[in-house]
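Under full-length UniProt numbering, the first residue of the sequence shown carries the number 1, and numbering increases by one thereafter.
The next block holds one structure in the form of structure tokens; read it before the comments.
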Amino acid sequence: MRYSCAIVALYLRFNCALIALYFFFQAVYKDETEAYECFCTYAHDNGFSVRKDHHSFWPNSRKIKSKDFVCSKAGFKKSDDHNSGKRKRFTRPVVRTGCPAMVRFVTDEDGYWHVKRFIESHNHELASPADRHLLRSCRNMIEEKASVLKSMTDAGIRTVDAYAYLAEEVGGCENVGFSKRDAYNFIQKEKRARIEIGDTNSLIQLFKDRQVEDHMFAWDVQYDDEDRLVNFFWVDGRSRIDYECFRDVLIFDTSYRLNKYNFVCAPFVGVNNHWQNILFGIAFLSEETIESFTWLFKTFVRIMGNKYPTTIFTDQDQAMARAIEVTLPHTRHRLCQWHIFKKVPSKVSIYNSNNKVRGLFHKCMRWCDSEEVFEEAWDEMIKEGNLHNHEWLQDLYKIRRKWSLLSTRIFFTWAFYQRSVVSVLIMCVMAFQSQQVH
């Protein structure tokens with residue numbers, strides 16, 4: 001009797017692993033795709049990922065005779081001895097352990113696939129149920145979800161927020177079918193595919209023309225492996241002079257997307273001795289990743305004569321924070337309270353309904369004149385709102401020295417930054433419209 005892959009999946013669904021394994025051996029698969037997907041289903045239920053390995057053909061034919069699917073940790077990484085003298089940009093972690101787990105399928109004369117050999121044992125820890133949705137061979141971005149993701153990002157919604165929406169709709173990240181990194185990669189690929197060569201050439205020519213008019217005008221662009229534009233930055237002479245005088249405070253904001261390619265508009269802003277906003281430069285980024293921020297901050301410092309800002313204010317973006325640690329080691333990193341105040345109503349629901357919790361939160365942010373007063377106010381807020389296990393507030397408390405006015409001792413208030421955001425956005429729009437590539 002022949003059984004289908006659907007029966008295997010059915011028993012796996014109801015946690016009947018031994019019965020599922022029996023039917024897995026007995027099942028007949030119509031082609032390689034069905035065989036692979038069925039083994040991936042079994043692998044996901046057991047906590048490991050799969051990759052395709054060796055295959056053989058029937059004599060005098062390109063028809064597959066046998067095919068091996070192995071655990072992703074099978075084998076060992078090839079030695080790089082021949083490249084030992086070359087400097088590497090980074091070293092990938094070693095994940096292969098020589099795991100023996102595998103399955104071999106063979107085909108019959110009718111083209112059906114059958115299990116011929118199976119090794120079940122692994123020599124490494126398997127993924128826990130909470131982490132199994134991250135296994136590579138189990139992730140798949142179906143067309144419907146890809147379309148939703150693309151529509152939301154085209155509307156100006158950040159990739160991370162679009163992914164969070166999909167996760168909420170299906171009851172958690174483990175049910176989305178792909179990881180947050182997969183979502184970033186998909187959107188990145190879509191954006192790069194849309195960038196027209198004519199626009200890229202016009203942009204480069206615009207930068208060159210500006211450099212002729214302003215000998216202090218500087219710019220740089222970054223391309224991907226397929227020579228497509230992914231990030232660009234420019235600064236004029238006035239901005240470079242201002243930075244020389246007023247680089248003690250640098251505000252970096254990525255809240256806006258302004259052009260048809262949905263690039264992130266990322267202005268560098270400072271404050272002069274009259275408490276006026278001054279623009280130090282503008283970047284457009286295709287995505288908010290560690291790699292993009294690292295390139296941008298290195299480029300900014302290099303163009304500014306390798307002079308670091310004293311303090312940089314940003315939002316709570318983790319990729320940005322990690323890039324700052326690497327590229328701006330001499331700069332104090334602080335968080336703009338404006339961004340925190342903007343997030344708290346959606347992160348802490350009781351903040352909207354409990355005046356005492358809201359008042360204590362504001363006190364912690366702005367009105368504590370000693371560490372003791374801060375700790376007392378914070379503890380009272382947690383108790384009042386029963387927020388002892390609130391993850392977002394716990395994370396915020398851990399980085400309090402980055403946002404607390406008491407800790408920073410920097411006279412740069414939330415109210416001023418709130419005003420600066422509006423004026424800087426206007427400045428960016430004007431600068432972009434006057435130099436926009438058509």
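We put the CB at the ideal spot given by N, CA and C, even for glycine.
Here TYR165 is exposed, its C-beta having fewer than 16 other C-beta atoms within 10 Å.
DSSP, read as helix, strand or coil, puts ASN386 in coil. Per DSSP, reduced to three states, the secondary structure at HIS44 is helical. Partner residues in the beta bridge of ILE312, as assigned by DSSP, are LEU250, HIS333. In the DSSP assignment, MET102 forms a beta bridge with VAL70, ILE119.
Under the three-state reduction of DSSP output, ILE241 falls in the helix class.
Cα atoms of LEU387 and PHE293: separation of roughly 34 angstroms, rounded to the nearest angstrom. Setting aside the 5 residues that flank it on each side, LYS73 is surrounded in the same chain by VAL95, ARG96, THR97, CYS99, HIS124, each with a C-beta closer than 7 angstroms to its C-beta; the list follows chain order. For the set ILE119, ARG247, ASN354, THR159, the Cα lying nearest the Cα of PHE300 is the one of ARG247.
Membership of ARG228 in any alpha helix (DSSP H) is not indicated, and neither H nor E is assigned to it by DSSP. Between the alpha carbons of CYS71 and PHE186 lies a distance of about 25 angstroms. Looking at the DSSP output, CYS38 sits in no beta bridge, so it has no partner there. As a beta-bridge residue in DSSP terms, LYS52 pairs with PHE69. Residue THR159 holds the alpha-carbon nearest to the alpha-carbon of TYR184 among LYS63, TYR243, THR159. Here the region 323 to 341 does not lie against the region 270 to 279, with fewer than 3 beta-carbon pairs under 8 angstroms apart.
Between the C-alpha atoms of THR200 and LYS347 there is a straight-line separation of about 40 angstroms.
In the DSSP secondary-structure assignment, TYR29 is bridged to TRP113. Residue state for ILE282 is assigned as strand, using DSSP reduced to three classes.
Its Cα nearest to that of ASN175, the residue HIS44 stands out among HIS44, ARG332, ARG400, LEU360. Burial check for LYS145: the Cβ neighbour count within 10 Å reaches 16 or more, so the residue is buried.
Annotated three-state conformation of GLY270 is strand, per DSSP. For TYR261, no pairing in a beta bridge is given by DSSP. Residue range 318 to 327 is occupied by the alpha helix (DSSP H) that includes MET320. A straight line joining the alpha-carbon of ARG228 with that of THR311 spans about 33 angstroms.
A Cβ-Cβ separation of about 6 angstroms places SER286 in contact with PHE263 under the 8 angstroms criterion. Between the alpha carbons of ASP253 and THR314 lies a distance of about 6 angstroms.
Taken in chain order, the unbroken stretches of alpha helix (DSSP H) that lie wholly in the region 134 to 189 and span 4 residues or more are 143 to 154, 159 to 170. Three or more Cβ pairs closer than 8 angstroms define a contact, and the region 26 to 40 meets that threshold against the region 105 to 118. In the structure shown, the three-state DSSP call for THR107 is strand. Under the three-state reduction of DSSP, VAL221 is assigned to strand. Bridge partners of ASN277 according to DSSP: VAL271. TYR308 is a Cβ neighbour of THR331, given a cutoff of 7 angstroms. Apart from the 5 residues on each side of it in sequence, GLU372 has no Cβ closer than 6 angstroms to any other Cβ in its chain.
Going by DSSP, SER292 is part of the alpha helix (DSSP H) stretching over 290 to 303. Rounded to the nearest angstrom, the gap between the Cα atoms of SER56 and SER121 is 24 angstroms.
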